[in-house]
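Quick notes on the structure that follows.
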C-alpha cells in the first residue's frame with residue numbers, strides 16, 4: 031500500500047511536458063480545438079519527417095499501380111524486393127497482359143495471394159492496353175474501373191504519379207487518426223472524408239505519407255513507442271504504449287531505429303539505409 035504513491039509519482043514523471051492529463055482528457059474537445067490540434071500534428075510531423083515519401087519503388091505510373099496492387103496483405107519491403115524481376119520481365123501493360131499466368135504467379139509469389147494478384151495484374155494490364163491506349167489514366171473514376179484497383183490504390187497513384195491530392199487510408203493511417211481523435215469512423219471512405227475536411231487539399235498527399243511514416247516507425251499497433259514520440263503532448267491516447275523513454279527508443283523502427291528502410295532505391299534525401307534485395311539476408 032505504501033509504495034503506490036511513489037509508483038504514481040514515477041509514472042507521472044515520465045509524461046512529456048504538455049502531454050494530455052487524465053483531467054484534461056475528461057473535458058470534451060470542441061471541433062475547432064480538434065482541427066487546430068490536428069493541423070499542429072501535421073506541422074510537427076512535417077518537421078520530423080521532411081523526407082516522407084511513398085515507400086514503394088517505382089519509375090512510372092504503371093510500376094506504381096502494379097506495386098500498389100501487390101502491396102495488399104504484405105509489406106512494401108517484400109513488394110520492392112519482388113518488383114525488379116517483375117518489371118524486367120513485363121515492363122509495359124502490353125507485356126503483362128500477355129503473360130503466361132503461371133510464370134507471372136511464380137515471380138510475385140513472395141507477396142502472397144499470388145494467384146488472385148496475378149489475375150488482377152493481367153486484367154488491369156489488358157484494360158490499360160484496350161481501353162486507355164496502354165497508359166495509366168490520371169482520373170479517379172477511370173482508375174477504379176481497373177481490376178484489383180480500389181479507391182485507396184487509386185489515391186496512391188494519383189497523388190504520387192500525377193500530383194493529384196488524395197488521402198490514402200491504409201491500416202496505419204486509420205489507426206493513428208482514430209488514436210488522435212480526428213475521427214471515430216472505421217470505414218476507409220468515411221475516414222477519408224472526415225480527415226479531408228480538416229486539412230487543405232494541398233496537404234492531403236503529404237499528410238498521408240507523414241501519418242503512415244509515423245505509424246510504421248513510432249505509433250505501432252500493439253505497442254506504441256509513446257515515450258519516444260515527438261507529438262506526445264498532442265496525443266489524447268498517450269500512455270497506450272511504452273512511456274519510458276529508454277524502453278520506447280528500443281521500439282523505433284526503420285531509420286529512427288538505425289535499421290534499413292523499405293525501399294531498395296530510396297529518394298536522395300532519405301537519411302536511412304536502403305533495403306536489401308530479395309535473398310540478401
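In this note's numbering, the protein residues as written are 31 to 311.
Glycine residues also receive a C-beta, built at the ideal position from the N, C-alpha and C atoms.
- Starting from residue 290, follow its DSSP beta bridges and name the residues at the other end. Taking the first residue of the chain shown as position 1, residue 290 is located at position 260. Within the DSSP secondary-structure output, residue 290 pairs in a beta bridge with 303.
- Message: Taking its Cβ as the centre, do 16 or more other Cβ atoms sit within 10 Å of residue 222, making it buried, or is it exposed?
- Response: Stepping through the chain shown from its first residue, residue 222 is reached at position 192. Under this definition residue 222 is a buried residue.
- Item | Range covered by the alpha helix (DSSP H) that runs through residue 281 | As a first step, residue 281 must be located in the chain shown, where it is residue number 251. Residue 281 -> no alpha helix (DSSP H), and no H or E assigned at all.
- Message: For residue 301, which residues in the same chain have their Cβ closer than 8 Å to its Cβ, ignoring the five residues on either side in sequence?
- Response: In the chain shown, residue 301 corresponds to position 271, counting from 1. Leaving aside the five residues that flank residue 301 on each side, the residues in its chain whose CB is nearer than 8 Å to its CB run, in chain order, 81, 285.
- Query: Smallest Cα separation from residue 196: which of 99, 283, 219, 291?
  - Reply: Position 166 of the chain shown, counted from the first residue, corresponds to residue 196. Closest option to residue 196, Cα to Cα, is 219.
- Query: So does the stretch 271-288 actually touch the stretch 248-258, counting three or more Cβ pairs closer than 8 Å?
  - Reply: These segments touch.
- Inter-stretch contact (C-beta, 8 Å, three-pair minimum) for the stretch 170-185 and the stretch 198-218: Contact between the stretch 170-185 and the stretch 198-218 is established, with three or more Cβ pairs separated by less than 8 Å.
- Cβ-based burial, residue 118 [other Cβ within 10 Å; buried from 16]: Residue numbering aside, residue 118 sits at position 88 when the chain shown is read from its first letter. With fewer than 16 other CB atoms across the displayed protein chains lying within 10 angstroms of its CB, residue 118 is exposed.
- Item | Length of the line joining the Cα atoms of residue 230 and residue 174 | Translated into the one-based positions of the chain shown, residue 230 becomes position 200. Translated into the one-based positions of the chain shown, residue 174 becomes position 144. Near 24 Å, if we compare the C-alpha coordinates of residue 174 and residue 230.
- Query: In chain order, what residues of the same chain lie with their CB nearer than 6 Å to the CB of residue 65, ignoring the 5 residues before and after it?
  - Reply: For the purposes of this step, residue 65 is identified with residue 35 of the chain shown, where counting begins at 1. Same-chain partners within the cutoff: 228.
- Query: Using CA coordinates, which residue listed in 290, 299, 298, 92 is at the minimum distance from residue 305?
  - Reply: If you number the chain shown from 1, residue 305 lands on position 275. In terms of Cα proximity to residue 305, the closest of 290, 299, 298, 92 is 290.
- DSSP state of residue 166, grouped into three classes? Sequence index remark: in the chain shown, residue 166 carries index 136 (1-based). Residue 166: coil per DSSP, three-state reduction.
- Give the secondary structure of residue 256 by DSSP, where H, G and I count as helix, E and B as strand, and everything else as coil. Counted from its first residue, the chain shown places residue 256 at position 226. Three-state DSSP puts residue 256 in a helix.
- From 61, 72, 162, 122, residue whose alpha carbon lies closest to that of residue 232: Your numbering for residue 232 matches position 202 in the chain shown. For the residues 61, 72, 162, 122, the minimum Cα distance to residue 232 belongs to 72.
- Query: With distances taken from CA atoms, which of 294, 259, 293, 265 is nearest residue 277?
  - Reply: Within the chain shown, residue 277 is the residue found at index 247, counting from 1. Nearest C-alpha to residue 277: 259.
- May I ask you to report which of helix, strand or coil DSSP gives residue 242? Within the chain shown, numbered from 1, the residue matching residue 242 stands at position 212. The answer is helix: DSSP assigns residue 242 an H, G or I state.
- Classification of residue 146 by the beta-carbon crowding that lies within 10 angstroms, buried from 16 upward: In the chain shown, counting from the first residue as 1, residue 146 sits at position 116. By the 16-neighbour rule on beta-carbons within 10 angstroms, residue 146 is exposed.
- Cβ-Cβ distance between residue 249 and residue 206 below 7 Å: In the chain shown, counting from the first residue as 1, residue 249 sits at position 219. In the chain shown, counting from the first residue as 1, residue 206 sits at position 176. It is a contact, given that the beta carbons lie within the stated cut-off.
- Assigned secondary structure, residue 150 (DSSP; H/G/I helix, E/B strand, else coil): Locating residue 150 in the chain shown gives position 120, where the first residue counts as 1. It is helical.
- Message: Measuring only the C-alpha atoms, how far is residue 272 from residue 138?
- Response: What you label residue 272 is simply residue 242 of the chain shown in a count that begins at 1. What you label residue 138 is simply residue 108 of the chain shown in a count that begins at 1. So the alpha carbons of these two residues sit roughly 37 Å apart.
- Query: In angstroms, rounded to a whole number, what distance separates the CA positions of residue 99 and residue 170?
  - Reply: Your numbering for residue 99 matches position 69 in the chain shown. Your numbering for residue 170 matches position 140 in the chain shown. Each residue's CA atom was taken as its position, placing residue 99 and residue 170 some 15 Å apart.
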